[in-house]
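Peer 1: In the working numbering, the protein residues as written are 21 to 313.
Next up is a structure, given as structure tokens.
Written as structure tokens, this is what we have:
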């Protein structure tokens, strides 16, 4: 059963307002919940997932502006997981179709404190415990994944985190997708043109707090000799201590780039007009930084 709830809607009828707009199949029942914080304010855009007893996903999505979600499911036993930024995750179980559980559940999420921020000062990116990876669509459905093996960076943490800055330099020739012929092509003038543009650089002076441990790091990315504004969607993972007692901090950041924005226009069109390489490139950075005395 759900903890900290106020009932679960399990019957086919869902009240006069819902029944006027929703017709359910005879075997369907409604699973309906509202997600609230400890002062009973709705938690919007909380991610939920409903699974069966062996872990198969039945339905998933996000809560509406009122913290609610409703799904039509067959009668049976289900597990529900709810997660939201800044809150402890919720896991519970219910039996849909049980007349002893009328009404709509209210799931209360407990707030959690965000991790401590790094202390002000100079920090350096640790390449041996960091990675810069990317993926791009290939022939319309598969994805090619790769990384850059050589890079360096520094972060200046200010007294006010929002005033911090960072600078990352990547060796363009260190691109690695696991296939030498493809990597040589990516280094060539068709793509990165690593001889003329040996580095990829990102510089930021805008750290924007979104919520909880979520930050936006906005800056300029210079790639293939072209600079464009890019925002990294960043999740700060917290502080730790290395094997030699050195302070460390970690984060994970993602961004979507478009090749044409950086004049990486090479393309080969296959049969039926399918592009060999997609326009979008997903970039992921898993970063550890080390405090420098």
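Heads up, the beta-carbon is just placed ideally off N, CA and C, and yes, glycines get one too.
Please read these numbers as outputs of a predicted model, since none were measured by experiment.
#1: Output the distance between the C-alpha atoms of residue 149 and residue 310, rounded to the nearest integer angstrom.
#2: Quick check: the region 138–149 against the region 105–121, are at least 3 beta-carbon pairs closer than 8 angstroms?
#3: Give every residue of the same chain whose Cβ lies closer than 7 angstroms to the Cβ of residue 214, excluding the five residues on either side of it in the sequence, and list them in chain order.
#4: Taking the alpha-carbon positions, what's the residue 236 to residue 95 distance?
#5: Going by CA-CA distance only, name the one from 308, 305, 278, 111 that's closest to residue 157.
#6: In whole angstroms, what separates the C-alpha of residue 50 from that of residue 68?
#7: Leaving out five residues on either side along the sequence, give the residues of the same chain with a beta carbon under 6 angstroms from the beta carbon of residue 136.
#8: One question on the structure: do residue 138 and residue 238 come within less than 7 angstroms of each other, judged by their Cβ atoms?
#9: Can you tell me which of 226, 61, 245, 234 puts its alpha carbon nearest to the alpha carbon of residue 128?
#10: Exposed or buried, what is residue 77 when buried is set at 16 or more other beta-carbons lying within 10 Å of its beta-carbon?
#11: CA-CA distance, residue 290 and residue 197?
#12: Tell me the residue span of the beta strand (DSSP E) that contains residue 191.
#13: Among the candidates 99, 210, 133, whose CA atom is the shortest distance from the CA of residue 70?
#14: Using alpha carbons as the reference points, say which of 256, 264, 282 lies closest to residue 250.
#15: For residue 257 versus residue 275, is the C-beta distance shorter than 7 angstroms?
#16: Have a look at residue 13 and residue 168 and give me their C-alpha separation to the nearest angstrom.
#17: Taking the continuous beta strand (DSSP E) assigned at residue 257, which residues delimit it?
#18: Residue 178: which of 226, 210, 118, 211 sits nearest, CA to CA?
#19: Within 10 Å of its beta-carbon, does residue 228 have 16 or more other beta-carbons around it, so buried, or fewer, so exposed?
Peer 2: The short version:
#1: Sequence index remark: in the chain shown, residue 149 carries index 129 (1-based). Sequence index remark: in the chain shown, residue 310 carries index 290 (1-based). Each residue's alpha carbon lies about 10 angstroms from the other.
#2: no
#3: By 1-based counting over the chain shown, the position of residue 214 is 194. Hits under 7 angstroms: 192, 193, 207.
#4: Within the chain shown, numbered from 1, the residue matching residue 236 stands at position 216. Within the chain shown, numbered from 1, the residue matching residue 95 stands at position 75. Cα to Cα, residue 236 sits roughly 43 angstroms from residue 95.
#5: Taking the chain shown and counting its residues from 1, the one referred to as residue 157 is at position 137. Here the closest residue by C-alpha is 278.
#6: Mapped onto the chain shown, residue 50 falls at position 30. Mapped onto the chain shown, residue 68 falls at position 48. Approximately 15 angstroms, taken between the alpha carbons.
#7: Walking along the chain shown from the start, residue 136 turns up at place 116. Within the same chain, residue 136 has close Cβ partners 259.
#8: Walking along the chain shown from the start, residue 138 turns up at place 118. Walking along the chain shown from the start, residue 238 turns up at place 218. Against a cut-off of 7 angstroms, the Cβ pair of residue 238 and residue 138 comes out as no contact.
#9: Residue numbering aside, residue 128 sits at position 108 when the chain shown is read from its first letter. For residue 128, the nearest C-alpha among the options comes from 61.
#10: Looking up residue 77 in the chain shown gives position 57. Classification of residue 77: exposed, given that the 10 Å Cβ count is below 16.
#11: Walking along the chain shown from the start, residue 290 turns up at place 270. Walking along the chain shown from the start, residue 197 turns up at place 177. With a pLDDT of 45 at residue 290, under the threshold of 50, the modelled position of this residue cannot be trusted, and the question is left open.
#12: Within the chain shown, the letter at position 171 stands for residue 191. Here the beta strand (DSSP E) through residue 191 covers 185–191.
#13: Locating residue 70 in the chain shown gives position 50, counting from the first residue. Of the candidates 99, 210, 133, the one whose C-alpha sits nearest the C-alpha of residue 70 is 99.
#14: As a working mapping, residue 250 is identified with position 230 in the chain shown. The residue with the shortest Cα to Cα distance from residue 250 is 282.
#15: Numbered from its first residue, the chain shown carries residue 257 at position 237. Numbered from its first residue, the chain shown carries residue 275 at position 255. For residue 257 and residue 275, no; Cβs fall outside 7 angstroms.
#16: The question about residue 13 has no answer here: the residues shown for the chain are numbered 21 through 313.
#17: Along the chain shown, read from residue 1 onward, the residue named residue 257 stands at position 237. It spans 246–261 - the beta strand (DSSP E) in which residue 257 sits, taken as one unbroken run.
#18: Counted from its first residue, the chain shown places residue 178 at position 158. The residue with the shortest Cα to Cα distance from residue 178 is 226.
#19: As a first step, residue 228 must be located in the chain shown, where it is residue number 208. By the 10 Å Cβ count, residue 228 comes out exposed.
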